[in-house]
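Numbering-wise, the sequence shown is residues 11 to 142 according to the working numbering. This report refers to the structure that appears directly beneath it.
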Amino acid sequence: MPLPDIINDAFTTLANAAVDAVWLPPVLYQNEANPSIPDAMHLRAYILPADTESIGLSSWDVERGILQVSVYEKHGTGIIKAYSVAQQILDLFPRGFSAPGFKVHRAGSIGPAVIDGAWLAIAVSIPYENVR
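This is the structure we're talking about:
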């Protein structure tokens with residue numbers, strides 16, 4: 011299964027499992043056909059791959075990168091709820107979390123709030139690795 015599908019499945023499974031415990035807004039994935047941007051808080055998920063590295067003398071490769079999930083909130087509505095959702099996302103992917111073909115190898119982080127047009131965006135960066 012391609013890495014974007016692995017990450018999408020892991021994120022969707024975690025988000026669906028967390029529905030009872032936390033509230034997560036709708037997620038837009040990169041390069042979706044005609045995604046309609048909600049008029050309220052939403053998430054945008056991106057996969058940012060890095061260089062592939064070989065492990066020792068073996069033929070195994072480790073693909074590393076960052077799963078970035080940005081929380082988008084309407085500009086001018088405050089940041090407390092957006093930061094709370096960002097923390098919930100970070101909590102879904104703790105260091106050591108793994109799913110088939112996907113592992114979080116370092117603790118993630120929450121970036122500063124930035125203005126993106128009519129939106130306030132807060133990026134959650136989750137380092138991952140995929141051993142092939």
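Cβ atoms here follow ideal geometry from the backbone N, Cα and C, with glycine treated the same way. Just so we're clear, the structure is a prediction, and the values are computed from it rather than from any experiment.
Open item on the list: Give me, in chain order, the residues of the same chain whose beta-carbon lies closer than 6 Å to that of Tyr39; leave out the 5 immediate sequence neighbours on both sides.
Closed with: Ala55
TODO: Following the continuous beta strand (DSSP E) through Leu100, name the residue where it begins and the one where it ends.
DONE: No beta strand (DSSP E) holds Leu100; the alpha helix (DSSP H) holding it covers Ile90 to Leu102.
Open item on the list: Taking the straight line between their C-alpha atoms, what separation do you get for Leu100 and Asn41?
Closed with: 23 Å
TODO: Using the Cα positions of Leu59 and Arg74, report the straight-line distance between them to the nearest angstrom.
DONE: Note that residue 59 is Pro in the sequence shown, not Leu. Computed Cα separation, rounded: 6 Å.
Task: Strand pairing of Ser80, partner residues [DSSP] - done: Here Ser80 is bridged, per DSSP, to Arg54 and Ala133.
Task: Segment contact, 8 Å Cβ cut-off, at least three pairs: the segment 105–114 with the segment 125–132 - done: The segment 105–114, when compared against the segment 125–132, does not touch it at the 8 Å Cβ threshold.
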